[in-house]
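Below is the structure:
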């Protein structure tokens, strides 16, 4: 019997014939795609990355994404190419949520029951992303391992981050900025209590290395990645206020 990967590939092949056979080909392709999804949802024989693709998009979306992909198709199956792109998008989202969580923790915000339920769901989704990334391996696998480290190790995580610049674009540029912002924010403001007291009494004046990291954090916070949602923008704005105050302190303005 065909597995989920074979069926998803077949669905995309059938879909590609829609120019010739019209809507009937699309209907058949969606049917085969749905069969692949049902197989993926059953226990055993299916990878995590197959599941997140089949559960995360329709055959129409899959075909459109694949047609725009620049990945070398002779190296991966269609579903692996789709999974790689989807994992990058999921990592971007996870890093944004981790950044929001770090800023909120420093602000000691109260969370209601709905927030706690959402946090539990976020943990499950992060675990799915990490598992799927590791299965694919390569650069995507390393991205998953980086996400796992910043998630599980928190402020103790030792991850090298790169400075961001105007040439960084697309999902990878946004991942780079979010990762840098998360790691550097945690490093510079590991535990500062509530936001008001943090601004009134910022951390000690930074040394040379820390000054460099403050600049890197400020540049990372300027990324368009933080425009993804109002909550993420608010968290960015709080972090910017803290960076500005820290920079003023470092040059003796306070």
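In our numbering, the protein residues as written are 70 to 323. All C-beta atoms, glycine included, are put in the ideal place defined by N, C-alpha and C.
Backbone secondary structure at residue i - three-state DSSP
i, result
"residue 184", "helix"
"residue 291", "coil"
"residue 299", "helix"
"residue 277", "Confidence is the limiting factor: at residue 277 the pLDDT is only 49, short of 50, which leaves the residue's position unreliable, though a coordinate-based value still follows. Residue state, collapsed to three classes: helix."
"residue 285", "helix"
"residue 306", "helix"
"residue 241", "helix"
"residue 230", "coil"
"residue 19", "Here the chain has residues from 70 to 323 only, and residue 19 is not among them."
"residue 311", "helix"
Same chain only: Cβ atoms within 6 Å of residue i, ignoring 5 sequence neighbours per side
i, result
"residue 120", "109"
"residue 123", "105, 106 and 109"
"residue 94", "83, 86 and 87"
"residue 305", "290 and 295"
"residue 161", "240, 243 and 244"
"residue 80", "98, 101, 102 and 128"
"residue 246", "233, 289, 292 and 294"
Close Cβ partners of residue i (< 8 Å) along its chain, the five nearest in sequence each way excluded
i, result
"residue 251", "164, 167, 168, 171 and 219"
"residue 285", "230, 232, 233, 249 and 253"
"residue 76", "101, 102, 104, 105 and 108"
"residue 228", "215, 218, 219, 248 and 252"
"residue 149", "118 and 205"
"residue 191", "163 and 166"
"residue 97", "83"
"residue 126", "134, 151 and 155"
Buried or exposed by the 16-neighbour rule on C-beta atoms within 10 Å, applied to residue i
i, result
"residue 89", "exposed"
"residue 211", "exposed"
"residue 259", "exposed"
"residue 71", "exposed"
"residue 281", "exposed"
"residue 157", "buried"
"residue 35", "A query on residue 35 cannot be resolved here, the shown segment of the chain reaching from 70 to 323 and no further."
"residue 301", "buried"
"residue 159", "buried"
Same chain, Cβ closer than 7 Å to residue i, five either side skipped, listed in chain order
i, result
"residue 331", "An answer regarding residue 331 cannot be provided, because it is not within the stretch 70 to 323 covered by the chain."
"residue 151", "122, 131, 134 and 135"
"residue 73", "105, 108, 109, 115, 119 and 123"
Exercise for review: Jot down the residue ranges of each uninterrupted alpha helix (DSSP H) in the segment 73–110, minimum 4 residues, whole runs only, in chain order.
Suggested key: 73–85, 87–90 and 92–110
**Study point:** Complete alpha helix (DSSP H) runs within the segment 124–174 (minimum length 4 residues, chain order)
**Key:** 128–137
Exercise for review: Could you pull out every unbroken alpha helix (DSSP H) segment of at least 4 residues lying fully inside the segment 188–227, listed in chain order?
Suggested key: 207–221
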